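Just below is one structure, and these are the notes that go with it.
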Amino acid sequence: MDIKNLVSKLHPLERKLLPFISQHQELQVLVNASGLQEIEVMRALQWLENKKIILLHTEKKKQVSLGKNSQAYKKTGLPEKIFLGVLDQEFKGLNVITKKSKLSREEVNACIGVLKRKNLIEIQNKEGMEIKITTSGTQSLQQKFPEEIFLQQTFPLDEEQIIDKTTYDELRKRKDFVLVEELKIVTATLTELGKEVAAADLSIEVINRLTTEMLKSGAWKEKQFRAYDVEINVPKIHGGRKHLETEAIEYIRRIWLDMGFKEMNGNFVQSAFWDLDALFVPQDHPAREMQDTFYLHGKAALPKIWEKIKTTHETGGVTGSKGWRYSFSKEETEQVLLRTHTTVLSAQTIAKLKKEDLPAKFFAIGKVFRNESMDWKHLFEFDQVEGIVVDPKANLQHLKGYLTQFYHKMGYEKVRMRPAHFPYTEPSLEVDVFHPVRKEWVELGGAGIFRPEVVIPLLGFDCPVLAWGQGMARIIAEYWNITDIRDLYRNDLKQLREAKVWIK
Ligand code: DAH
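Quick note: to get the numbering used here, add 10 to the position in the sequence shown (first position is 1).
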């Protein structure tokens, strides 16, 4: 590193402080020596450390000073010594002692405790209490008490320098005798580089700021400016960022758009007609029960084709099947609910298609709602990815191709399909992806080819419609190693800031 260059980057505070850091210097010493404020010294030290000019070392230390009581006793003498002196004569009761010694009753009680512990007095209980000084008590009066010696030291005192630990521990138990303060001692040491910098000429006047006056007068030509340090550590600034879920959804949307699909959109609030009946879900199907579906107040307006759907449910109508053979309820189909799957959008899209629009491919990504109890892998709302391919030439191989392609782009190599059942598809499949780390198959949702009972009433003629609908919450959470999907929705700023950005 070029020393001159480094010197030119130094802030005036660093420049001022550096000569005072010879080899090894405590913060407080630096504050006193440099005449700078403590906060200025702290900042300059931090900057110097970032530039590897010094090393900072923090050490914790306990500092001991005298409390209110011990300060007073240092002048008047220790109460226990006074007490013992008075006791030397004949014991005439505690009141007399208290009076003679001029101690408070509280102090007298404390003295009895202390002196008893040290065996300097003895308490006898004959007719009433009697306190007697012991032989060692009498002897001790000739000398200084260890407490007196202790108090004569110069305070504040570094706890580590205390020699008579027993007395120190004893005094700490007494009220307002010693105060212990924990200190952080910061010391700065010059590095090898620092020694070179400190030896360089730091006196050159460098300018921090270019002013209009300097420009006008041309004075800037003679000045030397402080160089910008582009490598210095600065506080992290967190720019705005989309929520993790939004990032993932946008990525998913991009995949389908890239494959030539058009996006389907629609409301969260839908009729039972579009969400269930148009998809040939029989009206007594268990999924319609209150415990699965969120029903809302009100009554939905039905489109004209509702009667066709009714006939299909009851007798199969023109579809050639026998239908579900029950009596279709208008009230049931008019119910309003929160969409239970994005398949509702597929039904609505097919109903709008004309022959000349084919072949056509659509996808949706959006929230669906189910009345589930929440736990680590269930929420009452989650994102579903939906798709349809309406194409006279489409077949099951194509379905597998689209889904395999999609999941490859989501980062899953292996996709598997198993036979399943849905009221609206035949054949029906369950789609799983293989989790390469956990080495297990993850169930994502359904797929299949819509039955004629769905397609004919909505489209007006039969045509293969490849269809799928899969839950995305789990693989979205998985991407950030979130195992409890509830965590995805905790607006935890730290989590949001630190999460890696979804692959673009
Ligand atoms: N709607 C089904 C669900 O929410 C998933 C589904 C299955 C969607 C088969 C489809 C499909 O489009 O063909 O669980």
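All C-beta atoms in this analysis are idealised placements derived from N, C-alpha and C, irrespective of residue type, glycine included. Because the structure is a prediction, the values reported are computed rather than measured.
Tell me, to the nearest whole angstrom, how far the beta carbon of residue i is from that of residue j; I am working on the premise that it is less than 8 Å.
i, j, result
"residue 355", "residue 401", "Not quite, the Cβ-Cβ distance comes to about 18 Å (not below 8 Å), so this is no contact."
"residue 433", "residue 292", "7 Å"
"residue 481", "residue 455", "5 Å"
"residue 24", "residue 57", "6 Å"
"residue 386", "residue 502", "Not quite, the Cβ-Cβ distance comes to about 16 Å (not below 8 Å), so this is no contact."
"residue 458", "residue 435", "3 Å"
"residue 511", "residue 257", "7 Å"
"residue 31", "residue 198", "5 Å"
"residue 203", "residue 63", "6 Å"
"residue 76", "residue 201", "The Cβ separation is near 40 Å, so there is no contact."
Return the CA-CA distance between residue i and residue j, expressed in angstroms with no decimal places.
i, j, result
"residue 243", "residue 41", "24 Å"
"residue 345", "residue 488", "36 Å"
"residue 102", "residue 164", "39 Å"
"residue 524", "residue 342", "Given that the chain is displayed from residue 11 to residue 514, the structure contains no residue 524 and the question cannot be resolved."
"residue 377", "residue 254", "15 Å"
"residue 447", "residue 294", "41 Å"
"residue 116", "residue 67", "46 Å"
"residue 220", "residue 230", "7 Å"
"residue 239", "residue 396", "52 Å"
"residue 196", "residue 52", "9 Å"
"residue 111", "residue 145", "21 Å"
"residue 384", "residue 391", "10 Å"
"residue 187", "residue 78", "7 Å"
"residue 14", "residue 509", "41 Å"
"residue 84", "residue 20", "51 Å"
"residue 406", "residue 476", "7 Å"
"residue 450", "residue 444", "6 Å"
"residue 168", "residue 162", "15 Å"
"residue 485", "residue 351", "18 Å"
"residue 171", "residue 44", "28 Å"
"residue 121", "residue 80", "14 Å"
"residue 181", "residue 130", "17 Å"
"residue 372", "residue 268", "12 Å"
"residue 463", "residue 333", "8 Å"
"residue 310", "residue 304", "15 Å"
"residue 138", "residue 166", "45 Å"
"residue 50", "residue 504", "30 Å"
"residue 469", "residue 283", "16 Å"
Please state the DSSP three-state secondary structure of residue i.
i, result
"residue 420", "coil"
"residue 301", "coil"
"residue 139", "strand"
"residue 232", "helix"
"residue 35", "strand"
"residue 408", "helix"
"residue 127", "helix"
"residue 191", "strand"
"residue 426", "strand"
"residue 133", "strand"
"residue 216", "strand"
"residue 151", "coil"
"residue 146", "helix"
"residue 175", "helix"
"residue 96", "helix"
"residue 167", "strand"
"residue 415", "helix"
"residue 82", "helix"
"residue 21", "coil"
"residue 10", "Outside the modelled stretch of the chain, which goes from 11 to 514, sits residue 10, for which no answer is possible."
"residue 306", "strand"
"residue 273", "strand"
"residue 114", "coil"
"residue 293", "coil"
"residue 162", "coil"
"residue 106", "helix"
"residue 331", "coil"
"residue 240", "coil"
"residue 207", "helix"
"residue 41", "helix"
For a cutoff of 8 Å on Cβ pairs, would you count residue i as touching chain B?
i, result
"residue 384", "Checking the listed chains, one finds no chain B in this structure; it contains a single protein chain."
- Length-filtered (3 minimum) beta strand (DSSP E) runs lying within the segment 45-76: 64-76
- Item | At least three beta-carbon pairs within less than 8 Å, the segment 210-226 to the segment 106-113 | no
- Query: What are the complete beta strand (DSSP E) segments, minimum 3 residues, inside the segment 335-402?
  - Reply: 345-348, 370-379 and 391-400
- Message: Any contact between the segment 317-329 and the segment 346-366? By contact I mean 3 or more CB pairs, one from each, below 8 Å.
- Response: no
- Task: With a floor of 4 residues, list each alpha helix (DSSP H) that falls wholly inside the segment 428-498, ordered by position along the chain.
- Result: 462-469 and 483-489
- Stretch pair the segment 72-79 + the segment 182-199: three plus CB contacts closer than 8 Å: yes
- Message: With three or more C-beta pairs closer than 8 Å as the rule, is the segment 322-342 touching the segment 256-270?
- Response: With a cut-off of 8 Å, the segment 322-342 and the segment 256-270 do not count as touching, because too few Cβ pairs lie within range.
- Message: Whether or not the segment 496-511 and the segment 421-430 are in contact is what I'm after, with contact meaning three or more pairs of Cβ atoms, one per stretch, closer than 8 Å; do they touch?
- Response: no
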